[in-house]
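A.B. asks:
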Amino acid sequence: MSTNTVIEQNIDWGFLERYLAERDPHFARHWELLREARASLEENIIVSRGETGQTIASSFAERVERLRYQLLHEREEVLDGEDFRAAEMLDLLFARLSGQGDRTPRRAIQVVHDESVAAEAVAQLEACLDRQRPLEDVLASARRLTREHFAVSPTVHGGREQDQAGPNGSTGWRVLVYAPLYLSSYCVNYCLYCGFRFPEKVPRRWLTTEEALEQAQILTNRGMRHILLVAGDYPQKTDVEYYSEIIRAIRGQFPVSLAVEIAPQSTAGYAALVEAGIIGVTLYQETYDWQLYQHFHPRGPKSHYAWRLEGLERAAEGGVKRLGLGILLGLGDPLPDAKAMVRHAAYLKERFADRRIAFSLPRIHEGPADFVIPHPVDDETLIRLYCGLRHAFPQAELVLSTREPPSLRDLLAQTCITQMSAASSTVPGGYRAGAEAVEDQDGGQFPVVDRRPVEEVVAMLRDAGHHVTWQVPEFAPVTK
Ligand code: SF4
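Just so you know, the sequence shown maps onto residues 1 to 480 in full-length UniProt numbering.
#1: Does ligand 1 have a heavy atom nearer than 7 Å to the CB of ARG38?
#2: Does the Cβ-Cβ distance between PHE352 and ALA316 come in under 8 Å?
#3: Exposed or buried, ARG35, counting other C-beta atoms within 10 Å across all chains shown (16 or more means buried)?
#4: Is it buried or exposed, GLN445, if we count other Cβ atoms within 10 angstroms and call 16 or more buried?
#5: What number of angstroms, rounded off, separates the C-alpha of ASP12 from the C-alpha of MET89?
#6: Between which two residues does the beta strand (DSSP E) harbouring LEU398 extend?
#7: Output yes or no for whether 8 Å exceeds the beta carbon distance between ALA422 and VAL399.
#8: Does the distance between the C-beta of GLY444 and the nearest non-hydrogen atom of ligand 2 fall short of 7 Å?
#9: Is it the case that the Cβ atoms of ARG225 and TRP31 are separated by a distance below 8 Å?
#10: Tell me whether SER98 sits in a helix, a strand or coil according to DSSP, three-state version.
#11: Hey, ALA118 and ALA346 are a contact pair by Cβ (cut 8 Å); roughly how many whole angstroms apart?
#12: Which residues in the same chain have their Cβ closer than 6 Å to the Cβ of ALA142, if we skip the five residues on either side of it in sequence?
#13: Please state whether DSSP places ARG299 in a helix, a strand or coil.
#14: On the criterion of 16 or more Cβ atoms from any shown chain inside 10 Å, does GLN291 qualify as buried, or is it exposed?
#15: Kindly indicate which residue of PRO336, PRO362, ARG355 has the alpha-carbon position closest to the one of GLY326.
#16: From the DSSP secondary-structure annotation, give me the bridge partner or partners of TYR178.
#17: Over what stretch of residues does the beta strand (DSSP E) that includes PHE359 continue unbroken?
#18: If contacts are defined as beta-carbon pairs under 8 Å, then SER244 and LEU273 qualify, I think. What distance do you get, rounded to the angstrom?
#19: Secondary structure at ARG103, three-state DSSP: helix, strand or coil?
#20: Could you check where the beta strand (DSSP E) with VAL230 kicks off and where it finishes?
#21: Which of helix, strand or coil does DSSP assign to ILE373?
#22: For THR267, name the three-state secondary structure that DSSP assigns.
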């Protein structure tokens, strides 16, 4: 089944009025908003998309988008056909107000649990998790697929050092080495499993633009050309303006591409970040199981399941080119979560065919003192999951962090990984000039287990026959 069906309905204003009157405790205020938005839309069309009309319509767009999520959140325990119909109409209204026209409405919330979606890809994933199938077979076929889709000739990139073939010649593929740069450990959320949660007593830090530039300098001195900016969710300290200023400053000074792993933003917020210079957004759903999601995220803005679920879609609409999905292993049964993530990715790919999809499978090794990992995931399951994603999405980037130990990282790098961080610090301001290996540091989001310096990780990749790249291949940054 196609995940995107062309909308045939128009906005039924009578239905929307009835729906809000029956189900929204703030009916009067919200109905007034919709009436004004409708008028601005009509006026906007009449003024032929004049600048003023567009600005007014855009500000209504953002408020209508928020209203839609507010309603989805308030009703998420009892969502029914009427709710979905209203959500689709509000989304259509948002699309028109934001100048997107009549695109198909967002429907990730329905798609991720629809067994008819991406059935073939899901079957590939399941086959890799079947313990009757020897692990060696799964590894070999994941390796073959990765090589098929990611092998590069050293001559393609002009023989730069970054593209040298390893000693095994053509046996490998290209692997992007990158680093996270933590900007802030302040967070208003209370994710049960996270060391940054509020009000955990950890030393908190927030970087100024100058401090972020110093960190970027250290990373570029190590050879990094792709940096993932990471921050907790603390709107008073880390808003779109804050990120935009840092993104512009780093892009203006260093030849790097940037992605963000931050709280979900509105479509307009993502568009502003794209304008500032990001190419990618990583946004893990953690778990696609709504009840588990509520359990692990009881307070704070992150408790809004639909707002988070559709974050990558908003990012894509805002112009983001690389979309990173993930589930946090350890929270629940990994198979249903991985299946839902595959459906989510298939939906995004169908909707935004020109974007690159990436997957990551972070695994909880330890959490705050009172947190017991409810569903530990063993190494073999993790390996089979990565291989399953490679089979389900042969062209997707598979990303691996330094949460995992060196031996496992090396095995996965030789099997299916195409993007790997090295010598990471999960502490804001945690990189020190001249210190190549990872130091012991308080206040990190999670413990770094693979603490090897960048050179050792690169040597491992080259020994495996891989072509180490530092730049995101399709986005060579502008050098200033
Ligand atoms: S996982 Fe993210 S949002 Fe949740 S407490 Fe940690 S930093 Fe905050």
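Just so you know, even glycine gets a beta-carbon here, dropped at the ideal spot from N, CA and C.
C.D. replies: Let's see:
#1: No.
#2: Yes, the Cβ-Cβ distance between PHE352 and ALA316 is below 8 Å.
#3: By the neighbour-count rule (16 or more Cβ atoms within 10 Å), ARG35 is not buried but exposed.
#4: By the 10 Å Cβ count, GLN445 comes out buried.
#5: The straight-line gap from Cα to Cα measures roughly 8 Å.
#6: Start and end: 397 to 400.
#7: Contact: no.
#8: No copy of ligand 2 appears in this structure; the ligands present are ligand 1.
#9: No, Cβ-Cβ distance for ARG225 and TRP31 is not below 8 Å.
#10: Here SER98 sits in coil by DSSP.
#11: Distance from ALA118 to ALA346 at the Cβ level is roughly 4 Å; contact confirmed, criterion being Cβ atoms closer than 8 Å.
#12: If the five residues before and after ALA142 are omitted, its C-beta is found closer than 6 Å to the C-beta atoms of CYS387, ARG390, THR415, CYS416, all from its own chain and listed in chain order.
#13: Note: ARG299 maps to coil in three-state DSSP.
#14: Exposed, because fewer than 16 other Cβ atoms sit within 10 Å of the Cβ of GLN291.
#15: Ranking the options by Cα distance to GLY326, first place goes to PRO362.
#16: Per DSSP, SER421.
#17: Note, PHE359: beta strand (DSSP E), 356 to 360.
#18: A Cβ-Cβ distance of about 6 Å is found for the pair SER244 and LEU273, placing them in contact under the 8 Å criterion.
#19: Coil at ARG103, not helix or strand.
#20: For VAL230, the uninterrupted beta strand (DSSP E) run begins and ends at 226 to 231, by DSSP.
#21: DSSP, reduced to helix, strand and coil, places ILE373 outside both helices and strands of the structure shown, so it counts as coil.
#22: Three-state result, THR267: helix.
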